[in-house]
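Asks: These protein sequences, in sequence, are chains A and B. Residue numbers for the first sequence follow the working numbering, so the first one is 453 and each next one is one higher. Residue numbers for the second sequence follow the working numbering, so the first one is 17 and each next one is one higher. Backbone N, C-alpha and C fix where the C-beta goes; we use that ideal spot for every residue, glycine too. Quick one: the structure is below, questions incoming.
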Amino acid sequence: MAQDASRARAARSSARRTSAAHASQPKSKAQLTSQLSQALPVLGIDDVPAKMGTPVITLEHVTKVYPAQPNRPALSDVSLQIYAGEFLFLVGHSGSGKSTFIKLLTRELKPTQGHIYVADEDLSSMRNWRVPYLRRNIGCVFQDFKLLPNKTVFENVAFALEVIGKSKHVVKTQVPEVLRLVGLQEKLNKKPDQLSGGEQQRVSIARAIVNRPPLLICDEPTGNLDPQTSRGIMDLLERINRTGTTVLVATHDREMVDNMRRRVIALDRGHLTRDQDRGVYGFDV
Amino acid sequence: MSSIGYFFKESLQGFVRNLSTALGSIVTIFLSLLIIGIFLVGGSMIERLMSSVESEVSITCYVADDAPDAKIQQVMGTINGMSDVQSVGFTSKDQALENFRNSMTANPEILDQLDGNNPLPASIDVELTNPQSVSSVAAAIQADPIYGQICEDPNDVGDSIKYGQGTVERLFQITNYVRYIGIALIAILIFIALVFINNTIRLAILARRKEIAIMRLVGASNGFIRGPFLMEGALHALIGSLLAILVIQLLRMFAIPALQNAIRFLDFSISDSTYLFIYAMLVIFGLLIGLVGSMFAMRRYLKV
Chain A
453 MAQDASRARA ARSSARRTSA AHASQPKSKA QLTSQLSQAL PVLGIDDVPA
503 KMGTPVITLE HVTKVYPAQP NRPALSDVSL QIYAGEFLFL VGHSGSGKST
553 FIKLLTRELK PTQGHIYVAD EDLSSMRNWR VPYLRRNIGC VFQDFKLLPN
603 KTVFENVAFA LEVIGKSKHV VKTQVPEVLR LVGLQEKLNK KPDQLSGGEQ
653 QRVSIARAIV NRPPLLICDE PTGNLDPQTS RGIMDLLERI NRTGTTVLVA
703 THDREMVDNM RRRVIALDRG HLTRDQDRGV YGFDV
Chain B
17 MSSIGYFFKE SLQGFVRNLS TALGSIVTIF LSLLIIGIFL VGGSMIERLM
67 SSVESEVSIT CYVADDAPDA KIQQVMGTIN GMSDVQSVGF TSKDQALENF
117 RNSMTANPEI LDQLDGNNPL PASIDVELTN PQSVSSVAAA IQADPIYGQI
167 CEDPNDVGDS IKYGQGTVER LFQITNYVRY IGIALIAILI FIALVFINNT
217 IRLAILARRK EIAIMRLVGA SNGFIRGPFL MEGALHALIG SLLAILVIQL
267 LRMFAIPALQ NAIRFLDFSI SDSTYLFIYA MLVIFGLLIG LVGSMFAMRR
317 YLKV
C-alpha cells in the first residue's frame, strides 16, 4: 500500500517535472544526494504500474513520410498514449518504424501529419530553441552506446551534466551516485574500450539518467549483448522504472519481452498493429 | 562564466587538432588585415601629405610682357616686406619657356607649334613661411597699385595671381583611384579569409561530430554547442589581427624612418592615436571576419 502511494507520488512528480521542463532543478545539497537513492525501492515482486492520471505522451494520428519514399510512410496514422511510470516495449521488424517513432519523440523529426504531445506540449509546433530543454527530460540509450572513447567512464557521464551547464558540485555528487546505481562504482577511471559491452551499456544508461529525466527511451539497448548481460540491463531498466521514470524500450529480443510481460506496442510497416498490456513479442520470426 | 572557460578549452583543442587548416585561416586573416592596415596607414599619411601640400603652395604672380624692370623690382620689394613671406623670386619669359620645355619632353611637337613665339608670361614667385596665410598674401599683392599696373590684365588683377589648388585636386583624384583598388583588393581578401575560416570550422565540426551528437542528445542548448566554434573562429581572427598589428608596428619602426630618410621633403609621421585607432579597427574587423566565417560554417554543417 505504502509502496503504491509512493509510486503514485513519484509518477505525479515526474509528470510535473516534464511539464515544468528544466525549471525544477534540485535546490539543496541534501536533496541532491538523497533523491536518487531514496527513490530506488528494493527489487521485489511487483505488479505493473496502473495507467493513472493524464498521459505524458500522446500521439494523435501521427504519420511520417520521408521525402525519399513518398508512397511508403515510415509511420502511418499511429495514435497511442503513454502514461507516467509505464514500462513499455516497442517491437517490430527492421524498417517497421521503431526508430522513426523514437526520433519523433525526441523531435529529431517532425511528423508529416498529426500531433505529438509530450507533457502537454505539442512537438510539431515547438520552437527550435526549446528542443534542448525537451531533450533534457528524455534520456536516450542506444544499441551502439555512443560513448566518447577518449573520456573515462566518469567523464562520459559527467559530460552529459557539464554540457547542460550543471555546476562542478552537482557533477561531483551526482555522477558517482548514478554510477553506483548502475553498478560501476569501481570503474570510474576506466576508458570505454576497457569495459565489456554490458558495462559500456550501463555507462550509457547512467549518462541517460544522470539528469533524472522522467522519460527514458532505449533503442535496442541489448542488441549487442548476450542474453545474460541483457537480463542484467533489463533488471536495471526495471529498477529505474520503479523510481517513477517512464521507460520505453524498442527491441528485437523476443525472450525478454515474453518474460517481462509489460505493455507491448507492435509496429508493422508503419502501422500500429497491436497495443497490449502484459503482452508478448508475438511475431513469428 | 564556466562555459566560457569550456569554450576556450574546446576551441584550443580544435586549434591543435587541425593545425594546418587553422594556420591557413590565420594567415589569410593576417594578410587581409595587414593590407587593410597598410591602406589605412597609407591613407592617413596621404591625407596628411595632402593637407601639407595644400598649405605649402607658393604664389605665382604673372607679369605683363611690357612691364618695366624697375616696377617689377619695386613690387618684389613690397612683397618681400609683407609678413609671412619667405622669399621672392623672378621667372623671366625665357626661363618660363625653358621650364615649359622641360616639362613637355614627352610631346615636343607642342613646342614646334609655337613657331618661335613665346606666349608664356614672366612671373614673380612668392614662397611663404606660414602656408595658412596664402590667401591673405595673395589678396595683399592684388591690392598693390603698382602690381596693378604691371599685371597681365589690369582690369582683372586677381586673374594674374595663381596659387595652386589645382595640384591638390589632382592628388585627390589619384588617391581616389588608389582607394578603389584598395577596396577591391580588401574585398577579395576578406572573401578568401571567410572561405578559409568556413573550411577550418567545418573540419573542427567534423572532428567533434560524436561529441556534438551526444550534446544534442542530452539537451545541450544550441548556444552551448556553437560556442566553441564561434570561439575558434574568433581566436583565429584575433591571432591574425595581432600578427597584422605586429607587422605594421615593425614597419612603423623600421621602414617608415628609412622612407623618411630617402624622401626628406615629405612628412610621413602619423600620431600615436591614429595608430592606436587603426590597430583597434584591425582587431574589430578581424573578429567580425572570424565570427561571420564560423557562423557560415555552422549554418551549413552544424544542425542543432
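Go ahead and label B/S289 buried or exposed: buried means 16 or more other beta carbons lie within 10 angstroms of its beta carbon, across all protein chains shown.
Replies: It is exposed - the Cβ of B/S289 has fewer than 16 other Cβ atoms within 10 Å.
Asks: Anything in chain A within Cβ reach of B/N238, meaning under 9 Å, just list it in chain order.
Replies: In chain order: N580, W581, V583 and P584.
Asks: Measure the alpha-carbon distance for B/I190 versus B/A200 and round it to whole angstroms.
Replies: Roughly 16 Å between the two C-alpha positions.
Asks: Tell me, please, which residues DSSP counts as bridged to A/R587.
Replies: The partner list for A/R587 (beta bridge, DSSP) is empty, contrary to what the question assumes.
Asks: With distances taken from CA atoms, which of A/L511, A/G635 and A/Y585 is nearest A/F606?
Replies: Nearest C-alpha to A/F606: A/G635.
Asks: Beta-carbon within less than 8 Å of B/I206's beta-carbon, same chain only, minus the 5 sequence neighbours each way: which residues are those?
Replies: Excluding residues within five positions, the ones whose Cβ falls inside 8 Å are S48 and I305.
Asks: So what does DSSP say about A/P507, is it helix, strand or coil?
Replies: Strand.
Asks: Out of A/P628, A/L689, A/D645 and A/I534, which has the shortest C-alpha to C-alpha gap to A/D596?
Replies: Residue A/D645 is the option with its Cα nearest to A/D596.
Asks: Shorter than 8 Å from the beta carbon of A/I534 to some beta carbon of chain B?
Replies: Not one chain B Cβ lies under 8 Å of A/I534.
Asks: Just to confirm, are B/V142 and B/V104 a CB contact at a threshold of 8 Å?
Replies: Their beta carbons are under 8 Å apart, which means B/V142 touches B/V104 by this criterion.
Asks: Show which residues of chain B have a CB atom less than 7 Å away from the CB atom of A/C592.
Replies: By Cβ distance, chain B contributes L233.
Asks: Establish whether the CB of B/K25 and some CB of chain A are separated by less than 8 Å.
Replies: No, because no Cβ of chain A sits closer than 8 Å to the Cβ of B/K25.
Asks: If distances are taken between C-alpha atoms only, which option among A/G650, A/I616 and A/V655 comes closest to A/E629?
Replies: Ranking A/G650, A/I616 and A/V655 by Cα distance to A/E629 puts A/V655 first.
Asks: Can you name, in chain order, every residue of its own chain whose Cβ lies under 8 Å from the Cβ of B/I208, other than the five neighbours on each side?
Replies: Cβ neighbours of B/I208 beyond the five flanking positions: T44 and S48.
Asks: Could one say the Cβ of A/A526 lies closer than 8 Å to chain B's Cβ atoms, at least one of them?
Replies: Chain B, which has no Cβ nearer than 8 Å to the Cβ of A/A526, makes this no.
Asks: What did DSSP end up calling B/D169 once you bin it into helix, strand or coil?
Replies: It is coil, neither helix nor strand.
Asks: From B/N115 to B/P124, what distance separates their C-alpha atoms?
Replies: About 13 Å.
Asks: Three or more C-beta pairs closer than 8 Å, one from the region 599-619 of chain A and one from the region 683-699 of chain A: is that the case here?
Replies: The region 599-619 of chain A is not in contact with the region 683-699 of chain A.
Asks: Terminal residues of the continuous beta strand (DSSP E) containing B/E143?
Replies: Where B/E143 is concerned, the enclosing beta strand (DSSP E) stretches over A138 to L144.
Asks: Would A/V709 pass as an interface residue toward chain B - the criterion being a Cβ-Cβ separation below 8 Å?
Replies: Not an interface residue.
Asks: Got a sec: is the Cβ-Cβ distance from A/N676 to anything in chain B below 8 Å?
Replies: Not one chain B Cβ lies under 8 Å of A/N676.
Asks: Cβ atoms of A/L631 and A/A658: under 8 Å apart, would you say?
Replies: Contact flag set, yes.
Asks: Quick one: what's got a C-beta closer than 6 Å to A/D729's C-beta in the same chain, skipping five residues either side?
Replies: The answer, listed in chain order, is R715.
Asks: Would you say A/R559 faces chain B, with C-beta separation under 8 Å as the test?
Replies: Judged by the 8 Å Cβ criterion, A/R559 is not in contact with chain B.
Asks: Starting from B/A229, find everything on chain A with Cβ-Cβ shorter than 8 Å and list it in chain order.
Replies: Within chain A, the residues near B/A229 are K598.
Asks: Taking 8 Å as the threshold (C-beta atoms), are B/E248 and B/A229 in contact?
Replies: No. Outside cutoff.
Asks: Which chain B residues sit within Cβ distance under 8 Å of A/I616?
Replies: Correct list: V234, G235, A236, S237 and F240.
Asks: By the 10 Å Cβ neighbour count, where 16 or more other Cβ atoms means buried, how is A/H621 classified, buried or exposed?
Replies: That one is exposed.
Asks: Applying the criterion that 16 or more other CB atoms from any shown protein chain within 10 Å of the CB defines a buried residue, is B/L130 buried or exposed?
Replies: Label assigned to B/L130: exposed.
Asks: Check the Cβ of A/F611 against every Cβ in chain B and list those closer than 9 Å, keeping chain order.
Replies: E227, I230, M231 and V234, listed in chain order.
Asks: For B/G164, collect the residues of the same chain with a Cβ closer than 7 Å to its Cβ; drop the 5 residues on either side in sequence, then sort them by chain order.
Replies: Correct list, in chain order: P170 and V173.
Asks: Using a C-beta to C-beta distance shorter than 8 Å, which residues of chain A count as neighbours of B/S19?
Replies: The contacting residues are G617.
Asks: Looking only at C-alpha atoms, which of A/S546, A/L640, A/P522 and A/R587 sits nearest to A/N665?
Replies: According to the sequence displayed, residue 665 of chain A carries Pro and not Asn. Comparing Cα positions, the closest option is A/R587.
Asks: Is the Cβ of A/R587 closer than 8 Å to any Cβ of chain B?
Replies: With 8 Å as the cut-off, A/R587 counts as an interface residue toward chain B.
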